[in-house]
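Visitor: Below are the structure tokens for one structure; questions will follow.
Chains as they are written, first to last, in the working numbering: chain A, 1 to 183; chain B, 184 to 1085.
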């Protein structure tokens, strides 16, 4: 009988996903260096390669793709940061950082430190990490993220505040009092 | 779930505190931390961190993706109310918490309706209802206090607003889930809501928009207490949308259609209290099963026509069939609350719910009080008023109990034809059971009729369509089947068994030919007639559900897919051992659906179980299934970052492949190589990844042939992996060949080409090959102007400074763009998009000279454009923006108008 075949399909909508991913990466990667978009392109390419499967129809819609993409972008950034660090040890550039908000409005975050902190947060409760991934790496709004996580908007707002407070503490509250002066 | 355990986390406690008033927090901390001083310190630390950063940009996504309430300017006052803070946002607008000081001091909720509604009509309707609304006084009804229009000179002037009693509660479904309410407690809440609605009905007020977010639950004296809000609001809003119905488009619609009665969905003006009965029934359904009768996803992604079809014609499955078998580590959300009660009780609850949500208002409870009373009877263990849905239900039950041997005589001929398409059909596992003689005679008669119908179908419909010259001599089987497709409903009218199977097969055929909408239509029809089919075995029924699950999965409707596949698994429970393989295939399908739903931990054992089963019961026939499931399993392990496991599973896949032959074998090998490359890549082992990738290229050439698009992509990827592995000289030929292939497969303006051109440019730059970098980069930047979509404004703007940096001066870069533009012939499908983006980009950097010319040219080329809607959207932004920028507001608004329609 026909339906006895295991699933082996390609998602018909996969075509447009690259555009979405590129849009995220351009939002998320910031740097003062003029070649920063090249860097973003590389991140996107890498993330895209990692999440496109030959036979896997695991992406069902934009939101769903975004949530996988957010997770993957985090991983790719971390891998990049590790590579940068290796270069740094052999005399290359400094640790890789990522900005949040409007560039310059808050201290750039060290990608690896953020990743470590997120891992520890996951040990406490993975639902907070998922939310941060969606918001920060995936660039989703509270509403979109709440939708994906299946929680109410108000719950998402509270959870987001909790996660931010926790991470802020974990990453050391350096930028607040004196950070603005030596920017 | 153990709420106590979870609440002990400092993060959870912090969240709970945020729900409280600031002055209650201190006390609550002590209570929640229960003497645990280190926990208390952690919580206090979070509060300090939260206060310290409350207005910083810490962790907010770049470029202000933060939308919603934070982005709105907040009015200070609305009517007589002082606005405190926004508390929610919905399809209709924003809700603010506000303070009333006169005549009494209290908190109120003020809803401001978003622009786009005809505010005069809204207010007129509201005023008509006002008198009635004022008469309502019921503990479970949140009273409406006032309504009006924001006056001129204030933020949001002209927008209608409603003020109502403020209820600090959660939607009923959310509350029930978060507090793990028992089924009894849930029913008590619905009974309260029924009483509220009944009260309104007695004042001639129909709610019209009952849904979980309008049925809020708070705690009073520790007991859940329900309040129904928004009475009168939807009546006022109805008819206020531009074309006069609630059902305009799903995005602009007032509220969600999920709970809307069929008569309301049809836009009937004849809505009565039974419409509320229906909506309440839908909430009841969700409350006892844990999920809505139709998935939100399905609703969101459907067009209006199919939405209507869904609401008007598709019966949801009975609540009790949502009960999932306990499945080890299964999450509580998956376990339907209704599963906690005895089977007989479940059935009665099914009857009550299904009666409330009957498509035909005449068959529903006559009043909402009747619904509430039946629920009360149920809770008191008294016989309920609602009965089983129909007689045919009982008949089918009877037939199932006395199952007869079913052999579809003559079916083989049809099977032969249809099977030739590779999409067959009747796994008529010989059935075992005896029945009474009369039943057998009836069956025999049905069989005879069936033979006649099938012969007719074959001879008249199928073969004559070949004869008739409608289709050419070399028509494929698919063409042929398309041609006869419409006749099956006529030919087999009333024979629901045949209809179910045929529709299911047509579904599969359409799926295999990637026509998913048609596939789904057939699959829906197949499932829809299942209840009326008498002779099908559970095994066959299971197949019908499984088929639809597969189609739903590729169509992105995961919740529905999951439900179908679970139903297909349930149907196999009573089937003999010989169907074990089918069971494991379904488990694997469930696994891949759960993978897609990111429930990895649940998915993984299902797939592993299926692999173990097939590995232990291997035959030549099911070896291919094994390889596919293995491949899907590996993909899951990668997602779970279990790279070591994945690596060993890849070796197993390779040994499965060794036992296979032909295309299936190469296919499995290609998969395995691809996964190997991914594992290495993820582990940062570039050298190994490059090796795997080189092997993959060869495997792919053998498998797919030279013209394969994926081959082209894999060749460039191999090049970039070799470059990363420090083998740049070897990488160059791969990069060059790959780009050429991509261009010849996808054409010169495709996003795949854009992507890889930019990648290759980057690699050349990294290795100091300036000229090559320059050439590819220039091409890559131009290509981006061809491929960017309407949502990628930033990307287009970003290209310009890069172009300047590349070429040295802005004028030189503008010249490059100009040259590209002049090389595009009129009528070229990419002309409009390129010119529009060039205009946006050049305008953004002050190169205004060619902008107007480009924009007008783009507009003239619109008719020839590929994906014309997208280009129109781009121009709808770009042209008015240009004129605004240059101070010609009149032109800007003329163009805005011209481009805003469709």
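For every residue, glycine included, the Cβ atom is placed at its ideal position computed from N, Cα and C.
Just so it is clear, the structure is predicted and the values come from calculations on it, not from any experiment.
Between the Cα of residue 752/B and the Cα atoms of 765/B, 741/B, 234/B, 844/B, which residue gives the shortest distance?
Guide: Translated into positions along the second chain, residue 752/B becomes position 569. It is 765/B whose Cα lies nearest to the Cα of residue 752/B.
Visitor: Output the boundary residues of the beta strand (DSSP E) element that contains residue 401/B.
Guide: Looking up residue 401/B in the second chain gives position 218. 398–403 is the span of the beta strand (DSSP E), which, as asked, contains residue 401/B.
Visitor: Taking DSSP as the reference, what is the three-state secondary structure of residue 329/B?
Guide: For this step, residue 329/B is matched to residue 146 along the second chain. The answer is strand: DSSP assigns residue 329/B an E or B state.
Visitor: How many Å lie between residue 901/B and residue 878/B at the Cα?
Guide: To locate residue 901/B, count along the second chain from 1; it is residue 718. To locate residue 878/B, count along the second chain from 1; it is residue 695. Their Cα atoms are separated by approximately 9 Å.
Visitor: Have a look at residue 774/B and residue 165/A and give me their C-alpha separation to the nearest angstrom.
Guide: Counting from one through the second chain, the residue named residue 774/B turns up at place 591. Counting from one through the first chain, the residue named residue 165/A turns up at place 165. Answer to the nearest angstrom: the Cα atoms are 36 Å apart.
Visitor: Measuring only the C-alpha atoms, how far is residue 558/B from residue 266/B?
Guide: Residue numbering aside, residue 558/B sits at position 375 when the second chain is read from its first letter. Residue numbering aside, residue 266/B sits at position 83 when the second chain is read from its first letter. Spanning the two alpha carbons is a distance of roughly 40 Å.
Visitor: Which residues in chain B sit within 7 Å of residue 159/A, going by Cβ to Cβ distance?
Guide: Looking up residue 159/A in the first chain gives position 159. Those within 7 Å of residue 159/A in chain B are 198.
Visitor: Give me the residue from 867/B, 832/B, 869/B, 324/B with the minimum Cα distance to residue 854/B.
Guide: Sequence index remark: in the second chain, residue 854/B carries index 671 (1-based). The candidate whose alpha carbon is nearest that of residue 854/B is 832/B.
Visitor: Where does residue 1083/B land, buried or exposed, given buried means 16+ other C-beta within 10 angstroms?
Guide: Within the second chain, numbered from 1, the residue matching residue 1083/B stands at position 900. Residue 1083/B should be labelled exposed.
Visitor: Express the C-alpha separation of residue 1045/B and residue 1055/B in angstroms, rounding to a whole number.
Guide: Working through the second chain from its first residue, we reach residue 1055/B at position 872. Working through the second chain from its first residue, we reach residue 1045/B at position 862. Their backbone Cα atoms lie some 7 Å apart in a straight line.
Visitor: Would you list, in chain order, the members of the region 1002–1022 of chain B that have their beta-carbon closer than 7 Å to a beta-carbon of chain A?
Guide: Per Cβ criterion, the list is empty.
Visitor: Do the CB positions of residue 377/B and residue 549/B come within less than 8 Å of each other?
Guide: Translated into positions along the second chain, residue 377/B becomes position 194. Translated into positions along the second chain, residue 549/B becomes position 366. Not in contact: residue 377/B and residue 549/B (Cβ atoms no closer than 8 Å).
Visitor: CA-CA distance, residue 262/B and residue 415/B?
Guide: Here the question's residue 262/B lines up with position 79 in the second chain. Here the question's residue 415/B lines up with position 232 in the second chain. Near 19 Å, if we compare the C-alpha coordinates of residue 415/B and residue 262/B.
Visitor: Kindly identify the DSSP beta-bridge partner or partners of residue 877/B.
Guide: Counting from 1 along the second chain, the entry for residue 877/B is found at position 694. DSSP lists no partner for residue 877/B.
Visitor: Can you tell me which residues form a DSSP beta bridge with residue 847/B?
Guide: As a working note, residue 847/B is residue 664 in the second chain. Looking at the DSSP assignment, residue 847/B forms no beta bridge with any residue, so it has no partner.
Visitor: So does the region 690–698 of chain B actually touch the region 722–734 of chain B, counting three or more Cβ pairs closer than 8 Å?
Guide: At 8 Å Cβ cutoff, the stretches touch.
Visitor: Is there a Cβ of chain B sitting closer than 8 Å to that of residue 74/A, yes or no?
Guide: Here residue 74/A corresponds to residue number 74 of the first chain, with the count starting at 1. No, because no Cβ of chain B sits closer than 8 Å to the Cβ of residue 74/A.
Visitor: Give me the chain B residues within the contact set of residue 122/A, using Cβ-Cβ distance strictly less than 9 Å, ordered along the chain.
Guide: As a first step, residue 122/A is located in the first chain; it is residue number 122 there, counting from the start. Within chain B, no residue comes near residue 122/A; the closest Cβ sits about 12 Å away, beyond 9 Å.
Visitor: Considering only residues of the same chain and omitting the five flanking positions on each side of residue 292/B, which have a CB-CB separation below 6 Å?
Guide: Working through the second chain from its first residue, we reach residue 292/B at position 109. Result list for residue 292/B: 278, 347, 349, in chain order.
Visitor: In terms of alpha-carbon separation, which member of 412/B, 411/B, 745/B, 323/B lies closest to residue 780/B?
Guide: Numbered from 1 along the second chain, position 597 holds the residue referred to as residue 780/B. The residue with the shortest Cα to Cα distance from residue 780/B is 745/B.
Visitor: Should residue 906/B be flagged as near chain A, meaning a C-beta pair shorter than 8 Å?
Guide: The sequence position of residue 906/B within the second chain is 723, counting from 1. Residue 906/B does not count as touching chain A.
Visitor: In chain order, which continuous runs of the alpha helix (DSSP H) of length 4 or greater are located wholly inside the region 871–920 of chain B?
Guide: 892–907, all fully within the region 871–920 of chain B.
Visitor: Please classify residue 195/B as buried or exposed, where buried requires at least 16 other C-beta atoms within 10 Å of its C-beta.
Guide: Here the question's residue 195/B lines up with position 12 in the second chain. Classification for residue 195/B: buried.
Visitor: Within 10 angstroms of the Cβ of residue 394/B, are there 16 or more other Cβ atoms? Answer buried if so, exposed if not.
Guide: Indexing the second chain from 1 puts residue 394/B at position 211. Looking at its Cβ environment, which holds 16 or more other Cβ atoms inside 10 Å, residue 394/B is buried.
Visitor: Who are the Cβ neighbours of residue 1074/B in its own chain at under 7 Å, not counting the five residues just before and after it?
Guide: Reading the second chain from its first residue, position 891 is the one you call residue 1074/B. Same-chain partners within the cutoff: 1066.
Visitor: Which whole-angstrom value is the C-beta distance of residue 716/B and residue 687/B, which I expect to be below 8 Å?
Guide: By 1-based counting over the second chain, the position of residue 716/B is 533. By 1-based counting over the second chain, the position of residue 687/B is 504. Rounded, the Cβ-Cβ distance is 11 Å, inconsistent with contact.
Visitor: Enumerated in chain order, which unbroken segments of the alpha helix (DSSP H) with a length of 4 residues or greater are wholly contained in the region 652–724 of chain B?
Guide: As far as the region 652–724 of chain B is concerned, its whole alpha helix (DSSP H) runs of at least 4 residues are 660–667, 670–674, 679–695, 699–713.
Visitor: Starting from the Cα of residue 810/B, find the closest Cα among 793/B, 821/B, 826/B, 222/B and give me that residue.
Guide: For this step, residue 810/B is matched to residue 627 along the second chain. Checking every option, the nearest Cα to that of residue 810/B belongs to 793/B.
Visitor: Please state the DSSP three-state secondary structure of residue 265/B.
Guide: Position 82 of the second chain, counted from the first residue, corresponds to residue 265/B. Residue state, collapsed to three classes: strand.
Visitor: Grab the span of the alpha helix (DSSP H) containing residue 296/B for me, first residue to last.
Guide: To locate residue 296/B, count along the second chain from 1; it is residue 113. Element bounds for residue 296/B: not the alpha helix (DSSP H) but the beta strand (DSSP E), 289–296.
Visitor: Does the region 400–413 of chain B come close enough to the region 367–381 of chain B that 3 or more CB-CB pairs lie under 8 Å?
Guide: Segments in contact, yes.
Visitor: For residue 367/B, report the span of its beta strand (DSSP E) as first-last.
Guide: Translated into positions along the second chain, residue 367/B becomes position 184. Residue 367/B -> not in any beta strand (DSSP E); alpha helix (DSSP H) instead, spanning 366–385.
Visitor: Please list the residues of the region 199–213 of chain B that have a C-beta atom closer than 8 Å to any C-beta atom in chain A, keeping them in chain order.
Guide: Cβ contacts with chain A: 201, 202.
Visitor: Could you work out which residues of chain B lie near residue 125/A, taking near to mean beta carbons separated by less than 7 Å?
Guide: Residue 125/A sits at position 125 when you count from the first residue of the first chain. Within 7 Å Cβ-Cβ: 192, 194.
Visitor: Taking DSSP as the reference, what is the three-state secondary structure of residue 1074/B?
Guide: As a first step, residue 1074/B must be located in the second chain, where it is residue number 891. Here residue 1074/B sits in helix by DSSP.
Visitor: May I ask you to list the residues that DSSP assigns as paired with residue 279/B?
Guide: Along the second chain, read from residue 1 onward, the residue named residue 279/B stands at position 96. Paired residues: 269/B, 293/B.
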